[in-house]
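K.L.:
Heads up: the sequence shown begins at 1 in our numbering, then just goes up one per residue.
Where a beta carbon is used, it is the ideal one built from N, C-alpha and C, also for glycine.
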Amino acid sequence: MSARRTTFTEQARRAQLVEVTIDLVARHGYAGTSLQRIADAAGITKAAVIYHFASKNAVIKAAYDFVIARVVEHVGARVDAAPDPAAAVEAYLTGMIDYVAAHPAQARLLTETMIESGANEAAGNPDPSAKNATLATLIKSAQRSGGYRKDLDPDWLAVILGGAADGIAARFLTDDPAPDPAAATDELLALLRHGATAP
Numbered sequence: 001m002s003a004r005r006t007t008f009t010e011q012a013r014r015a016q017l018v019e020v021t022i023d024l025v026a027r028h029g030y031a032g033t034s035l036q037r038i039a040d041a042a043g044i045t046k047a048a049v050i051y052h053f054a055s056k057n058a059v060i061k062a063a064y065d066f067v068i069a070r071v072v073e074h075v076g077a078r079v080d081a082a083p084d085p086a087a088a089v090e091a092y093l094t095g096m097i098d099y100v101a102a103h104p105a106q107a108r109l110l111t112e113t114m115i116e117s118g119a120n121e122a123a124g125n126p127d128p129s130a131k132n133a134t135l136a137t138l139i140k141s142a143q144r145s146g147g148y149r150k151d152l153d154p155d156w157l158a159v160i161l162g163g164a165a166d167g168i169a170a171r172f173l174t175d176d177p178a179p180d181p182a183a184a185t186d187e188l189l190a191l192l193r194h195g196a197t198a199p
């Protein structure tokens with residue numbers, strides 16, 4: 001027996017609950033977000049939320065997956081448009097920073113979910129190493145093309161650059177006013193070009 005297909009109305013309600021969850025986690029944190037709070041913000045009953053998502057972790061996982069899909073789409077488009085492999089590494093970093101700067105609530109949800117997943121298996125167990133693996137692959141391609149020095153370890157360089165991008169992102173979430181994303185990106189790219197570009 002095949003599973004029942006969701007209706008347009010159900011899809012719209014699920015999308016609404018995901019958006020509400022992103023906002024609530026951004027404002028109240030993972031621990032401060034409950035099914036009841038999600039229901040109240042959406043203007044529906046808790047039972048109606050449970051109809052679409054069996055648990056708090058399920059709706060937060062759906063919100064996490066939604067945000068990740070948008071980040072991948074945004075950053076992927078930047079990388080695909082890059083004229084060469086070294087430019088693709090820069091496009092990846094600038095795409096990540098630009099997205100976080102433009103969508104702070106989504107960035108907060110990602111941060112909260114990553115923190116919570118360390119203590120709660122049901123939170124979806126996002127894998128931060130996957131992000132570094134993607135960046136390492138781009139760095140290896142830049143090394144093969146002659147754009148980056150071959151003596152650098154691409155995996156460690158990915159960890160370092162990813163950590164720097166995460167640090168910049170954290171400033172957008174904590175500083176008031178938030179830093180200028182272009183200035184932050186320029187500093188990171190200057191460091192990358194000085195240290196990694198092949199002579």
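So, helix, strand or coil for residue 12, using DSSP?
P.N.:
Correct three-state label for residue 12: helix.
K.L.:
Note down the Cα distance separating residue 89 from residue 46, rounded to an integer number of angstroms.
P.N.:
Cα to Cα, residue 89 sits roughly 44 Å from residue 46.
K.L.:
Got a sec? Which residues, its chain only, sit under 7 Å from residue 84 by beta carbon, not counting five neighbours each side?
P.N.:
Hits under 7 Å: 145 and 147.
K.L.:
Just how far apart, CA to CA, sit residue 182 and residue 99?
P.N.:
Residue 182 and residue 99: Cα-Cα distance of roughly 12 Å.
K.L.:
So, under 8 Å CB-CB, residue 164 and residue 138 are touching, yes? Tell me the CB distance rounded to an integer number of Å.
P.N.:
Not really, about 15 Å apart at Cβ, beyond 8 Å.
K.L.:
Cutting at 8 Å between CB atoms, please list the residues of its own chain near residue 96, excluding the five before and the five after it.
P.N.:
71, 75, 165 and 169, listed in sequence order.
K.L.:
Where do the N-terminal and C-terminal ends of the alpha helix (DSSP H) with residue 178 fall, by residue?
P.N.:
That residue, residue 178, is in no alpha helix (DSSP H); it is neither H nor E in DSSP.
K.L.:
Can you list, in chain order, the residues of its chain whose CB lies under 8 Å from that of residue 81, leaving out five sequence neighbours each side?
P.N.:
Answer for residue 81: 91, listed in chain order.
K.L.:
Roughly how many whole angstroms lie between the Cα atoms of residue 120 and residue 113?
P.N.:
With a pLDDT of 49 at residue 120, under the threshold of 50, the predicted position of this residue should be treated as unreliable, though the coordinate-derived value follows. Their backbone Cα atoms lie some 10 Å apart in a straight line.
K.L.:
In the DSSP output, which residue or residues are listed as bridge partners for residue 64?
P.N.:
Answer is none; residue 64 lacks a bridge partner.
K.L.:
Please list the terminal residues of the continuous alpha helix (DSSP H) segment that includes residue 172.
P.N.:
Where residue 172 is concerned, the enclosing alpha helix (DSSP H) stretches over 154 to 174.
K.L.:
What runs of the alpha helix (DSSP H), each 4 residues or longer, lie entirely inside the stretch 81 to 112?
P.N.:
Counting only runs of 4 or more, we get 85 to 102.
K.L.:
Assuming residue 38 and residue 21 make a contact with CB atoms under 8 Å, what is their CB distance in whole Å?
P.N.:
6 Å between Cβ atoms; contact.
K.L.:
Report buried or exposed for residue 35, applying the criterion of at least 16 other Cβ atoms within 10 angstroms of its Cβ.
P.N.:
Buried, because 16 or more other Cβ atoms sit within 10 Å of the Cβ of residue 35.
K.L.:
DSSP three-state call for residue 186: helix, strand or coil?
P.N.:
It is helical.
K.L.:
For a test of the three-state rule: what should DSSP assign to residue 134, helix, strand or coil?
P.N.:
If DSSP states are grouped into helix, strand and coil, residue 134 belongs with the helices.
K.L.:
How would you call residue 199, buried or exposed, if buried means at least 16 neighbouring beta carbons within 10 angstroms?
P.N.:
Classification for residue 199: exposed.
K.L.:
Give me the Cα-Cα distance between residue 196 and residue 153, rounded to the nearest whole angstrom.
P.N.:
One C-alpha to the other measures close to 10 Å.
K.L.:
Residue 162 and residue 132 look like a contact to me (Cβ under 8 Å); what is the Cβ gap, rounded to whole Å?
P.N.:
Contact holds; Cβ gap of about 5 Å.
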